[in-house]
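In what follows, a structure is listed as C-alpha cells, so that the remarks can point back to it.
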Amino acid sequence: MKKVGIIRCQQTEDMCPGTADFKVAKAGKLAFETIGPCEIVGFVSCGGCPGKKAVPRAKMMIDRGAEVIAMASCIAKGNPIGYACPHFENMRNAIKKVTKDIELLEWTH
Ligand code: SF4
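Just so you know, we're using my numbering here: the sequence shown kicks off at 1 and counts up by one.
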C-alpha cells in the first residue's frame, strides 16, 4: 500500500471535511486507480492564498514518508462548489519542483 500526502484548499475547509478523499484513497479509486489503495500519511491545506505554503508542506510530507502527493479536487476542480483555485497552475508547478520523481496527482475524485 502506497503512502500518500494530500494537499487541500484552505478556503474549502469550512465546507468540506475531505471525506471523499479518504474514501477514494483507501479504496484505490478514481485518481488513485493506477496506484491502488493508499494510506494517507498527511492531510494538509495549501496554507491560504496564494498557496505558497503548499510547497514546503509537500516537501514535509515527502520527508515523513509520502510516496505520492495529491492535490485534492477542491483545488483544480473547485469541489464542492465549482470554484477552482485561480493559483492552481502556479501551485502545481512549484510543488513539482520539490516532488521531483514522486508522483503528483492533480485531483482526487
Ligand atoms: S491558493 Fe487556491 S487552494 Fe489555496 S486557499 Fe487559495 S483558492 Fe484555495
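Every residue, glycine too, gets a C-beta built ideally from N, C-alpha and C.
Handout entry: Three-state secondary structure assigned by DSSP to Glu89
Key = Here DSSP, grouped into helix, strand and coil, assigns Glu89 to helix.
Problem - Whole runs of the beta strand (DSSP E) within the region 9-96, excluding any shorter than 3 residues - result: Every beta strand (DSSP E) of 3 residues or more that sits fully in the region 9-96 is shown, in chain order, as 38-45 and 68-71.
Exercise for the section: Indicate, with yes or no, if the ligand SAM has a heavy atom lying under 7 Å from the CB of Pro50. Expected result: Looking at this structure, you won't find the ligand SAM anywhere; what it does contain is the ligand SF4.
Problem - Whole-angstrom distance between Pro56 and Ala25, CA atom to CA atom - result: Per the coordinates, the alpha-carbon of Ala25 lies some 22 Å from the alpha-carbon of Pro56.
Handout entry: N- and C-terminal bounds of the beta strand (DSSP E) containing Glu106
Key = Secondary structure note for Glu106: it is in no beta strand (DSSP E), with a DSSP letter that is neither H nor E.
Practice task
Select from Leu105, Val68, Arg8 and His109 the residue whose C-alpha is nearest the C-alpha of Lys52.
Solution key: It is Arg8 whose Cα lies nearest to the Cα of Lys52.
Handout entry: Candidates Lys77, Lys100 and Gln10, of which the one nearest Phe43 by Cα
Key = Residue nearest to Phe43 within the set Lys77, Lys100 and Gln10 is Gln10 (criterion: CA-CA distance).
Problem - Pairwise C-alpha distance: Gly36 and Ile75 - result: Distance between the alpha carbons of Ile75 and Gly36 is about 22 Å.
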